[in-house]
Structures are given as C-alpha cells and as structure tokens.
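Its first residue numbered 288, the sequence shown is counted upward by one per residue in this note's numbering. Each residue gets a CB set at the ideal place from its N, CA and C atoms; glycine is no exception. Notes follow once the structure below has been shown.
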Amino acid sequence: MESAIAGVVRCLGASLKNLGLYPATHPLVRTPVEKCRLELAPFFADRSELALTVSDGTLVLEGVPIFQLTSSLELFMARLGAIGLPAVIFERGVSVEDIELFVRFLHETKEQGLPIPEITSRLARWGVTHIRVTATDAEEKDDFTLAREVYGNALNVVVRALKDVRNGKIPDGAESDRAVREMSGMVSQNRDAMLALTLIKNFDEYTYNHSVNVSVLSLTVAETLGLSETERIGIGVAGLLHDVGKTQVALDLIRKPGTLTVEEFEEIKKHPEEGFAILGKMTHIKESTRAVVREHHMRFDRTGYPRPEPEYRMNPYSHVIAVADCFDALTTMRSYQKARTPQQALDIMKKLAGKSLDPDLVALMDRSLGVYPVGTMVRLNTMEVGVVTGTPGAGKGAPKVAILFDRSGNPLAVPQGVDLKEPDPSSGRPRRMILGTVNPLMHPPVSMSGILQAVSA
Ligand SMILES: [Fe+2]
Ligand SMILES: [Fe+2]
C-alpha cells in the first residue's frame, strides 16, 4: 500500500514539474497523470475518497507519511503550501481530466494563501469535479469560512449534476442531499453568513449560483416556517435542482439577452417538466421534491407553466421555491436587467403577492429578512455609508453594519464593523443610527465576501 501511495504522489509531482518545462499536451505531462489515475483506482475499491494532506512539512496520503522526497515532490508540496491548500480530497470517480486540470491549476495559480472557499469555487469554474480541497481538522474556522465552504461544495454538486445531465448521465441524488443537509445546518447555525453568500453574484455562471442561492433562500423560508428537517431538506433539494431541466434547452437560448420570441419561450417553458423527468431517474429524491420542481413556475394564481388543470393540486412548497427564485433573480444583474437591492426586490415582490406569488410567503420573507436585509447599503446619521452584514435576532434590535465610506464619502481602507448600540458618551444615546438606504449604484461595487471577511476577522 505504501509504495502505491508514494506512486500516486510521485506521478502528480512529475506531471507538475514537467508542466513547467513542456506544453500541457506533452506526453511527459500527460502520461504521469494517466498513471496517477491508474494507481488511484484500487484505493476506491473499499473507500469513496482519499485524503492528501501536508502536515508539519510532511506529505501524508491517507495517514501514510511520505518521507523520501524527490525534487518533483518537493515542488508539488511547495505549490500546495504557497496556494494555501492544507488538504486535497480525491473522490471516487476522479478522472484523468480532473487530475490534469488540478495539476494545471497548481501550476498556473500565482496568488498565495488563497482562502479555501475561493480555491473551491475556482476549481469548480475550471471544471474539476472529483477533487476537492478542505482545511485540516485542526484549524479553527469561523462561521463565515464554514459557510463559504458549504456554499462552495453545493456549487460543486450543481456543476457536476448539470454536467452529468448534459453528458447523458444520471446525477447522484445522494450528493445533492448531502450538500443540502450541510447548507440546512449552516442556515440554522448562522443564517446571515449563508444569506450574505447569496448576494455574491457570479455573472458568468448564473445557473449554478442561482441554483445554490434558491436552495439557501428556500431553506431560510422553510426554517422560518418551522418545518421538520425532512421537509426542509426536501425543499432545499428542490431549490438546488429546480432548474436542472434547463440542461435540455439550448445554451444560447438560456443565455439570450432581451426578450424571447414566442417559440423561444415555448422552449424555455419545457424546463420544469424536463427537470421532473430527470429527478425521476435519480436516487435519494422524494416524489414531493420532484413535484415541486415541476411546479416551480405554475404560480400562486395558477397562470404559469405547465398550466395546471383545474383539479390539479399543487404542492404548497412549490410556492416557497417560487419566492426564492424570484428574489434571487431580481437581486442579480443580468444582461437585460440591473440588480435590485434586497429591499427593492421585496417591494416588487409585494406587488406580485396574491398574483404570481404566495402573499403569506412574501410577507414572511419580508419579515424574516428584516427592514434592512444583509447586503443593503445604508446611510447613518453620522453621514457615513455602510453595508448591513447581519440582521437582528427575531426581527428586533439593530442590524450589524460595516462602514465603507466616511462622512466625506471617502472609502475606508478596511471596512469597519460598528455596533449600532454603542452609546455616545456625552448624550448616552446610540452614537450611530440608520437614516435610510442608499442606492448602491451611487458607489463603486462592493464585494460582500471581502467585507464580511474583514469584519469577521
Ligand atoms: Fe425555472
Ligand atoms: Fe430559477
């Protein structure tokens, strides 16, 4: 076993080293990758994943330290360390392409000390599906880091599921279930950290992020409704996979900016039924979850698609996905629309309440996101401008705010988290109060991710 383990790592190191000398297609780069895949295969006979870690300057694969370091192994370890990868997990099903892309990622990534969630989302964008990275257990992680990991893993699962469907394969339902369970746990532990992530929009990969966001938002609504864990997970999985049927619609149609022709819209309208069919072939998917995917565009007043027959009974949870879907679509910038602030989105949704959206759920979302939802830009009485980074518990008290611009409108070098309850020593009254919301377009775009990291550090 030990020599097999050393063989795997040696192959990775050799490929990485040769990538510095030869083009990616050269046999000296490609052959070690193929060999690595072969050497890995026997390990997956009795386990589903294999962990490679760097611990105290030693490379450890599945608990077996590798002491005889060759120059290529040293290079490999140095690259892992420089980028900031404490542990790499190879999953059963890892392909030559995955390993090849991963080695190229190690070679081409020049930044140092990247946070794990950033690495995770980059690997997803590169198309690496069965290799993931994680911090070693010994590391203390704050909620925001954990939330980013959980979000990143769910993103990976969606990327993989959609890719599988496009390649004519049936996605693994157990993976979606696992990802949603993790997100549900994180929503219970720290809802704000999870919600803040839904506001970090990735414009190129709309469907992937949208799927995860709808899942997070649906889980938040489901939790506020006080539903059981089984129900919450079912709703979260429906959210994650609600648009999986779009894989059956031509990509340029999905990405088409502006209005669609009647024929094009007819094509798009097929995606809920297609999704229903795909979920029917997957394991770990409940019938009710499938129904919700089919019904997510039926609308509260039943004027949507597929048009329900008068006697058709909709699953009430389909309306949860519909409000989450609407909120995420409105707060995302698309080629044909500007992004609304969370508050603007809720205002629009209130107008749709009782028509396309369930009025009770819109009211619930409005209440549970608070007057100033996470991500809202606000002006304070001190004339400073900040962004809401946390909502008060149970809808009462003051939200958490990070100041971004001083009273003269100059950006701060580092966002400053402030406590709105902190009293002014002279008057005893709170020093800062929210005056109202600010149009975020008046300010340079802000990265919620960066702000939350700076504030939570
Ligand atoms: Fe949809
Ligand atoms: Fe959607």
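Please confirm whether any heavy atom of ligand 1 lies closer than 8 Å to the CB of residue 571.
Within the sequence shown, the letter at position 284 stands for residue 571. False, no ligand heavy atom lies under 8 Å from that Cβ.
Ignore the nearest five residues each way along the sequence and tell me which others in residue 738's own chain have a CB closer than 8 Å to its CB.
Along the sequence shown, one-based indexing puts residue 738 at 451. Excluding sequence neighbours, residue 738 sits near 674, 676, 689, 691 and 702.
Do residue 607 and residue 463 come within 9 Å of each other at the CB atom, strictly closer than that value?
As a first step, residue 463 is located in the sequence shown; it is residue number 176 there, counting from the start. As a first step, residue 607 is located in the sequence shown; it is residue number 320 there, counting from the start. No, the pair does not count as a contact, with Cβ atoms beyond the cut-off.
Hey, out of 567, 508, 617 and 318, whose CA is closest to residue 497's CA?
Mapped onto the sequence shown, residue 497 falls at position 210. Out of 567, 508, 617 and 318, 617 has the C-alpha closest to the C-alpha of residue 497.
Cross-strand partners of residue 725 (DSSP beta bridge)
Against the sequence shown, residue 725 aligns to sequence position 438. Looking at the DSSP assignment, residue 725 forms no beta bridge with any residue, so it has no partner.
Closer than 8 Å: is that where the CB of residue 525 sits relative to any heavy atom of ligand 3?
The model on display carries ligand 1 and ligand 2 but not ligand 3.
Secondary structure of residue 698, DSSP reduced to three states
The residue labelled residue 698 in the question sits at position 411 within the sequence shown. Residue state, collapsed to three classes: strand.
Going by beta carbon distance, what residues of the same chain come within less than 6 Å of residue 330, once the five residues before and after it are set aside?
For the purposes of this step, residue 330 is taken as residue 43 along the sequence shown, with counting starting at 1. So the list reads 337, once near-sequence residues are dropped.
Is the closest heavy atom of ligand 1 to the C-beta of residue 625 under 8 Å?
Here residue 625 is taken as the residue at index 338 of the sequence shown, counted from 1. Not under cutoff, so the answer is no.
Work out the CA separation of residue 388 and residue 710 for me, nearest whole Å.
Here residue 710 corresponds to residue number 423 of the sequence shown, with the count starting at 1. Here residue 388 corresponds to residue number 101 of the sequence shown, with the count starting at 1. Residue 710 and residue 388: Cα-Cα distance of roughly 54 Å.
Hey, quick one: how far does the beta strand (DSSP E) through residue 656 stretch, first residue to last?
As a first step, residue 656 must be located in the sequence shown, where it is residue number 369. No beta strand (DSSP E) contains residue 656, which is instead part of the alpha helix (DSSP H) from 646-656.
Give the secondary structure of residue 448 by DSSP, where H, G and I count as helix, E and B as strand, and everything else as coil.
Numbered from 1 along the sequence shown, position 161 holds the residue referred to as residue 448. Residue state, collapsed to three classes: helix.
Can you tell me whether residue 537 sits near ligand 2, meaning its C-beta is under 8 Å from at least one heavy atom of the ligand?
Numbered from its first residue, the sequence shown carries residue 537 at position 250. No; taking the cut-off as 8 Å, the Cβ of residue 537 has no heavy atom of ligand 2 nearer than that.
Going by Cα to Cα distance, which pick from 357, 292, 359 and 721 is closest to residue 327?
Taking the first residue of the sequence shown as position 1, residue 327 is located at position 40. Residue 292 is the option with its Cα nearest to residue 327.
Excluding the 5 residues flanking residue 400 on each side, which residues of the same chain have their C-beta closer than 6 Å to its C-beta?
Position 113 of the sequence shown, counting from 1, holds the residue named residue 400. The residues are 371.
Starting from the Cα of residue 628, find the closest Cα among 660, 644 and 360 and give me that residue.
If you number the sequence shown from 1, residue 628 lands on position 341. Measuring from the Cα of residue 628, the nearest candidate turns out to be 660.
Which term fits residue 414, buried or exposed, when burial requires 16 or more other beta carbons within 10 angstroms of its beta carbon?
Mapped onto the sequence shown, residue 414 falls at position 127. By the neighbour-count rule (16 or more Cβ atoms within 10 Å), residue 414 is not buried but exposed.
Rounded C-alpha distance that separates residue 576 from residue 564:
Here residue 576 is taken as the residue at index 289 of the sequence shown, counted from 1. Here residue 564 is taken as the residue at index 277 of the sequence shown, counted from 1. Distance between the alpha carbons of residue 576 and residue 564: 12 Å.
By DSSP, does residue 422 sit in helix, in strand, or in coil?
In the sequence shown, residue 422 corresponds to position 135, counting from 1. Coil, per DSSP.
Among 412, 634, 470 and 455, the one whose alpha carbon lies nearest that of residue 652:
Here residue 652 refers to the residue found at position 365 when the sequence shown is read from its first residue. Nearest of 412, 634, 470 and 455 to residue 652, Cα basis: 634.
Work out the CA separation of residue 717 and residue 708 for me, nearest whole Å.
By one-based count along the sequence shown, residue 708 stands at place 421. By one-based count along the sequence shown, residue 717 stands at place 430. Whole-angstrom Cα-Cα distance: 5 Å.
Run the CB neighbour count on residue 493, radius 10 Å, all protein chains shown included, and call it buried at 16 or more, exposed below.
Reading the sequence shown from its first residue, position 206 is the one you call residue 493. Its Cβ being crowded by 16 or more others within 10 Å, residue 493 is buried.
Cα-Cα separation, residue 379 to residue 418
Locating residue 379 in the sequence shown gives position 92, counting from the first residue. Locating residue 418 in the sequence shown gives position 131, counting from the first residue. Taking the straight line joining both Cα atoms gives about 9 Å.
Taking 8 Å as the cut-off, does the segment 511-524 touch the segment 540-555 (at least 3 CB pairs, one atom from each stretch)?
no
Residue 529: CB within 8 Å of a non-hydrogen atom of ligand 1
Along the sequence shown, one-based indexing puts residue 529 at 242. Checking the Cβ of residue 529 against ligand 1 gives yes.
If you follow the alpha helix (DSSP H) that residue 568 is part of, which residue opens it and which one closes it?
Counting from 1 along the sequence shown, the entry for residue 568 is found at position 281. Start and end: 558-568.
Curious, which full-length beta strand (DSSP E) runs of at least 3 residues does the segment 303-358 contain?
336-342, 345-348 and 351-353
If you draw a straight line from the C-alpha of residue 501 to the C-alpha of residue 604, how long is it?
Taking the sequence shown and counting its residues from 1, the one referred to as residue 501 is at position 214. Taking the sequence shown and counting its residues from 1, the one referred to as residue 604 is at position 317. Cα to Cα, residue 501 sits roughly 13 Å from residue 604.
Completely contained alpha helix (DSSP H) runs for the segment 481-552, where each covers 4 or more residues
493-511, 516-528 and 538-541
Answer yes or no: do residue 723 and residue 665 have a C-beta to C-beta separation smaller than 9 Å?
Here the question's residue 723 lines up with position 436 in the sequence shown. Here the question's residue 665 lines up with position 378 in the sequence shown. Contact flag set, yes.
Contact check, residue 562 vs residue 580, beta carbons under 9 Å
Numbered from its first residue, the sequence shown carries residue 562 at position 275. Numbered from its first residue, the sequence shown carries residue 580 at position 293. Cβ atoms of residue 562 and residue 580: closer than 9 Å.
What is the DSSP secondary structure of residue 403, counted as helix, strand or coil?
Position 116 of the sequence shown, counting from 1, holds the residue named residue 403. Helix.
List the whole-angstrom C-beta distance separating residue 524 from residue 445, where the pair is believed to meet the contact cut-off of C-beta under 8 Å.
As a working note, residue 524 is residue 237 in the sequence shown. As a working note, residue 445 is residue 158 in the sequence shown. Contact doesn't hold; Cβ gap of about 11 Å is too wide.
Measure the C-alpha to C-alpha separation of residue 626 and residue 484 and round it to an integer number of angstroms.
Position 339 of the sequence shown, counted from the start, is the residue given in the question as residue 626. Position 197 of the sequence shown, counted from the start, is the residue given in the question as residue 484. In a straight line, the C-alpha of residue 626 is about 15 Å away from that of residue 484.
Tell me whether residue 616, by its Cβ, gets closer than 8 Å to a heavy atom of ligand 2.
The residue labelled residue 616 in the question sits at position 329 within the sequence shown. Yes, the Cβ of residue 616 comes within 8 Å of a heavy atom of ligand 2.
Going by the beta-carbon positions, is the gap between residue 457 and residue 436 smaller than 9 Å?
Reading the sequence shown from its first residue, position 170 is the one you call residue 457. Reading the sequence shown from its first residue, position 149 is the one you call residue 436. No, they are not a contact pair.
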